[in-house]
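Okay, so here's the structure we're looking at.
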């Protein structure tokens, strides 16, 4: 939950800063990629490259998460299908357990 809250807060901050940037562009009569302002153009290019890198990492993480979700779903399906318990609620083994025979001691 903390990670989700932190992410939401960061996204809200990014949205706010984007609005601030757009307002400054109007005020200064500038527009990205700021070709007439070398320092701004360099920073803008770094922001664009970083955004692309983060986008690619997000896509990769999404693929990994989906693979893990699929793997877990398959494992749960197997476990649910073979929901034969070796022991009953009393802790005693069932007759005809998965091992095929009951051994008395």
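Numbering (my numbering), first residue to last: 4 to 108.
From the three backbone atoms N, C-alpha and C, an ideal C-beta is built for every residue, glycine too.
When rounded, the separation of the alpha-carbon atoms in residue 48 and residue 21 is 15 Å. In the DSSP assignment, residue 42 falls within the alpha helix (DSSP H) that extends over 41 to 84. The alpha-carbon separation between residue 17 and residue 79 amounts to approximately 39 Å. Residues of the same chain with a CB within less than 8 Å of the CB of residue 50, apart from the 5 flanking positions on each side, do not exist. Spanning the alpha carbons of residue 12 and residue 82 requires a straight line of approximately 39 Å.
Residue 8: member of the alpha helix (DSSP H) spanning 5 to 31, first to last residue.
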